Structures are given as structure tokens and as C-alpha cells.
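J.: Sending over a structure as C-alpha cells; questions will come in a sec.
Protein chains in written order, with the working numbering: chain A, 1 to 252; chain B, 1 to 287.
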């Protein structure tokens, strides 16, 4: 069986020379939380942004290698990127709610996809907000501006907005970096729910979060994949010296 | 000794503040002064007949209706041409254009367009629209000329408004499966609209008050009736003011100031609308 995502010899460089990836190969399994961790500038976010081709917006100098999702190379220029982005949703570090109501935020992607039926949209709003553990808090004020919510609530709107599209893969780029511990806990708990249905890939904002959430963990250092293993093994008995040093807090 | 020094510094600071405040007040004086002066001198001339009547007795009596209507026509005509073109150009520059030679050339052209004296626009309009394209001395030719003059203002303010919309909105929208154009239409333009409208009004306001560009292209000295088509010439407030101030002997001074007051009111009203739009949008803005 082919795995959900297969990355083969992926290399990438931005034209300003900042973050890059060097010959990264890994397979990502469905039904689990895969954590990409390591110090800043290691290429984790870049890798995430390759998976939904958001890097198309950035100034990429060279890239080579392949990324297969369900056996299809998504780096191919003939790929329908719009469909890809509906299938591979993304939550960003800073909660960015669009300047509209909570409800409009959630249905934004669906409406773009051509869904007009109110019943379907209502259903999606309820389902995705429940999944993001926000329904009870906002059900009575869905038409309020989303910006009026707290930071943690906004981030869960962002998550619900992605889930409304019923993607297959959910990418999260330090989704809790600006959140308080309680909101962080809610998001982390949600991840454990999500992995039952979705392939979840998370760039955590700390090693501790990586250890808490990872089924699989990949350690990135300066664009290279140093070690990739089951989460439990990685954080108890790493094989590589560099991984161990980072986990133990000797650098980073 | 040290204490004395500190007190000195305090005094210097206070003098500095007073000077700056004084200068700020001085900048307000000309506009306030002009408005009050025109209001006092021209106020008595304003009446229903003045606003709704035609001039008679060689413009020495009667009203200025054709000039008011003419300025409305010219401003509307200018808006028809310059607003869609200006906004489209701004969207291109802010959202699509890459930093290359062509873009730099366009920007250079816009900057220079803004620096050209208005009388030169008038001559250009005469050559291109009136003579070469054979539109004649007409509302159409004058509106087109004013449009060219207004474009740089609309383009640069609109571009600025578009760029002020946070980049993160675009990224998020694209990541949710929107195309670039859907993102612009549904998010960026909507958020930039108040800023764009402000720019549009400021540009049109300038067009409404200009004399030189319409001098050779569309303005009439005197017309006994209102213009019936875009190919007719028209009277207009700024040109009418020029005419009755310099070309008509024994002109009652009240009518001159009355006309100036109407023109000023027209322009300041547009300004006020722009200010209201801006402050209301700022209060409602969600970023």
C-alpha cells in the first residue's frame, strides 16, 4: 500500500537564500499526528507550505524532487492547485480570521467551492465548529464579527474553517504559538480527535508540545531531515546525537 | 548646578513645544481665512434664484445654474473614465505586477503624470480629443482631459489602500482554495474600498475645481441653455469665475464671490464626504 504522503528527495531554495530544504525523503502515515520539529530556520514551515503548494506565492529559486499525495505528484505543474488546497488544509501560526462574521469565515472556502445550499452550509458550520471544540461558545453569535473573539477562539475558528472543507490532510504551523495554556490544551485535544479522520501534520511551537502530541516525529536541522521515528522512541531514546542534544535542550 | 541645568532643559522644551504649536495653528489660518472671507463676501449673493437661474444682462445679473450643472456633468464624466481605469491600474500594480522594467516604467509615468502642470493637460486635450479625435470643444473632450489629470491621484491612493490590506488575508484566502482574483474581489477590494473611495473623491474634487484643462477643451464663455449631449460645450464653475472676474467689465463683485462660494462649497462637500467615509471605515475596520 502506498502511504498518504510520500516525499522523495525534496530540495528547495528561496531566491533570498533564507530557508531551504536539502534532499528530504519521508513517508507520512494516515490516521496519525506527524510532528515536524527543530530549531527555527530548519525548513519545517517550508515543507508544510510545499504540501499545499502555498510556496507558489513565495519566491522559490530552485526546487527538485517529488511529493506524492495518494500517488500523485503534487509538484507537477499540471496539478489543480485549487483542488489540492481544498484537500490539504492549513492553520497558520497567527490566528488570521477574515474580516467577516464567524459564520462567513467558516463557509468562505465552501462558498468558493460553489456550495450555495443553506442547509449544507449550516450543517458544515455546526459540524466543523463542534470538531474544533468551539460550537458551545459561539453558537448564539455566529453572525458576530470573528475578530471580536479571543485569540484562542479565533485560532479555533481558523481550524474550523479548514475542517469545513472536509480536507484529507490538515497542516498546522505552530498553531498554538500565541495561545494561553488552556486554549493550547483544547487545540491539542482536538488534534487527537482529528487524526481519526484526517492525516495531521503539525509544526509544534516547543519540544514539549512535540513530545505530547507526536505519533511520528521528524527532526529538522538547517534544511535536513536528521531523524524520523515513532514519537515515543524519538523522545525517549533518539538515535542521533544532534536530536538528543536538541531534545535535551543543549542547543536551539 | 546640576539642578539649574535640568530646569534650563525644561524651559527649552517648553519653548520648542510652543513654537511647534504655533506653526500648526498658522497652517490652519489660510484655509479658515479663505472660507470666512468668501462666506462673508459671497453669502449675501446666495439665493434660490442665483442657484437655479440663468445669467442675464451679460452675466451681470441672474443665476449660475448652467455653470453648476456643467461642473456636475464634467465631474461625472471624469468619474466615468478615470474611476474604472484608475482602480484597475491600481489593482494591477498592487496585486499582480512584478518588480520589472515594465512596472517601473508605469510607476515612473504615473509619478510624472502627477507633476505635469494642468495647462499642459489642457493643450494636450485640445490636440488629442478636440482636434485629432474630432470630439470638438465638448463635455466629452473636457472630461477625458480631466480624467488623465485625475488618474495619478486615483491610482496612487488606491494602490496604497490595496497595499494596506494585510498580506495574511491573501495567504489565508488562497490556502482555502480561492483564486487570486476571488481573493481580490471578495476580500482585498472590499477592505480597501473606503481608502479607494477617498482617493477617488479627492481626485474628482481636484478635477471639479480646475480651469486650465477645460479652457480649450470644453468650457463655454456663455450658453443660453443647458448642454444637451456629451458633444456640446458647457459652462463650468471655475471657468465662469475666471470669466466674470476678468472678462466682463462692471461686474458686480457680489456675484463673483457668490460663484466662488458655490464652487468652494461644492469642493468642500466632496472633501467632507471623503472624511466621513474614512472615519466611519476606520471605526468599523476589523484589522
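Virtual Cβ for every residue (Gly too), placed ideally from N, Cα, C. None of the values given here were measured: they were computed from a predicted structure.
For a quick check, are the C-beta atoms of residue 103 (chain A) and residue 177 (chain B) less than 7 Å apart?
T.: Going by C-beta atoms, residue 103 (chain A) is not nearer than 7 Å to residue 177 (chain B).
J.: Against chain B, does residue 1 (chain A) count as a neighbour if the rule is that its beta carbon must be under 7 Å from one of theirs?
T.: Confidence at residue 1 (chain A) is low in this model, with a pLDDT of 49, below 50, so the placement of that residue is unreliable and no value is reported for it.
J.: Report the three-state DSSP secondary structure of residue 66 (chain A) (helix, strand or coil).
T.: In this structure, residue 66 (chain A) counts as strand in the three-state DSSP scheme.
J.: Write down the C-beta distance between residue 54 (chain A) and residue 36 (chain A) rounded to the nearest angstrom, noting that I regard them as a contact closer than 8 Å.
T.: Contact flag wrong, Cβ pair sits at about 15 Å.
J.: From what residue to what residue does the beta strand (DSSP E) around residue 242 (chain B) run?
T.: That residue, residue 242 (chain B), is in no beta strand (DSSP E); its alpha helix (DSSP H) goes 237 to 246.
J.: For a cutoff of 7 Å on Cβ pairs, would you count residue 198 (chain A) as touching chain B?
T.: Not an interface residue.
J.: When we look at the beta-carbon of residue 63 (chain B) and count the other beta-carbons within 10 Å, is it buried (16 or more) or exposed?
T.: Counting Cβ neighbours within 10 Å, residue 63 (chain B) comes out buried, since at least 16 surround it.
J.: Step through the CB atoms of chain A and report whether any lies within less than 7 Å of the CB of residue 176 (chain B).
T.: True, the Cβ-Cβ gap to chain A drops below 7 Å.
J.: With DSSP run on the structure shown, which of helix, strand or coil describes residue 202 (chain A)?
T.: Strand, per DSSP.
J.: Give me, in chain order, the residues of the same chain whose beta-carbon lies closer than 8 Å to that of residue 113 (chain A); leave out the 5 immediate sequence neighbours on both sides.
T.: Taken in chain order, the residues that qualify are 86 and 165.
J.: How many angstroms separate the CA atom of residue 29 (chain A) from the CA atom of residue 228 (chain A)?
T.: For residue 29 (chain A) and residue 228 (chain A), the distance between alpha carbons rounds to 12 Å.
J.: Could you spell out where the alpha helix (DSSP H) holding residue 107 (chain A) opens and where it closes?
T.: Where residue 107 (chain A) is concerned, the enclosing alpha helix (DSSP H) stretches over 102 to 112.
J.: So, are the CB atoms of residue 89 (chain A) and residue 170 (chain A) less than 7 Å apart?
T.: Yes, they are a contact pair.
J.: Using three-state DSSP, classify residue 96 (chain A) as helix, strand or coil.
T.: Residue 96 (chain A) falls in the coil class under three-state DSSP.
J.: Can you check whether the CB of residue 187 (chain A) is closer than 7 Å to the CB of residue 105 (chain A)?
T.: No, the pair does not count as a contact, with Cβ atoms beyond the cut-off.
J.: Whole angstroms are fine: how far does the CA of residue 256 (chain B) sit from the CA of residue 242 (chain B)?
T.: One C-alpha to the other measures close to 9 Å.
J.: Would you please verify whether the beta carbon of residue 192 (chain B) is less than 7 Å from any beta carbon of chain A?
T.: It does not: the Cβ of residue 192 (chain B) has no partner Cβ on chain A nearer than 7 Å.
J.: In three-state DSSP terms, what is residue 5 (chain A)?
T.: It is a strand residue.
J.: Against chain A, with Cβ distances strictly below 7 Å, would residue 301 (chain B) count as a contact?
T.: Because residue 301 (chain B) is not part of the residues shown, which for chain B are 1 to 287, the question remains open.
J.: Expressed to the nearest angstrom, what Euclidean distance is found between the alpha-carbon atoms of residue 167 (chain A) and residue 118 (chain A)?
T.: Cα to Cα, the separation comes out at about 20 Å.
J.: My output table needs one value for residue 13 (chain A): the three-state DSSP class, helix, strand or coil.
T.: Correct three-state label for residue 13 (chain A): strand.
J.: Name, please, each residue of chain B whose Cβ falls closer than 7 Å to the Cβ of residue 145 (chain A).
T.: Under the 7 Å cutoff, chain B gives 286.
J.: What residues of chain A sit near residue 187 (chain B), judged by a beta carbon separation below 7 Å?
T.: Per Cβ cutoff of 7 Å: 98.
J.: Helix, strand or coil: which one does DSSP assign to residue 136 (chain A)?
T.: Helix at residue 136 (chain A).
J.: Is the beta carbon of residue 237 (chain B) closer than 7 Å to that of residue 67 (chain B)?
T.: Yes, these two residues count as a Cβ contact at 7 Å.
J.: So, is the C-beta of residue 168 (chain B) closer than 7 Å to a C-beta in chain A?
T.: Closer than 7 Å to some Cβ of chain A, the Cβ of residue 168 (chain B) qualifies, so yes.
J.: Straight-line CA distance for residue 87 (chain B) to residue 94 (chain B)?
T.: Spanning the two alpha carbons is a distance of roughly 10 Å.
J.: In whole angstroms, what is the alpha-carbon distance linking residue 131 (chain B) and residue 81 (chain B)?
T.: Roughly 19 Å separates the two Cα atoms.
J.: Does the beta carbon of residue 14 (chain A) sit closer than 7 Å to a beta carbon anywhere in chain B?
T.: So, not an interface residue.
J.: On the DSSP bridge assignment, give the partners of residue 112 (chain B) in chain order.
T.: Partner(s): none; residue 112 (chain B) has no beta bridge.
J.: So within the segment 128 to 189 of chain B, which uninterrupted alpha helix (DSSP H) runs reach at least 4 residues, ignoring any that extend past its ends?
T.: Those alpha helix (DSSP H) runs which fall completely within the segment 128 to 189 of chain B and span 4+ residues are 139 to 164, 167 to 175 and 180 to 183.
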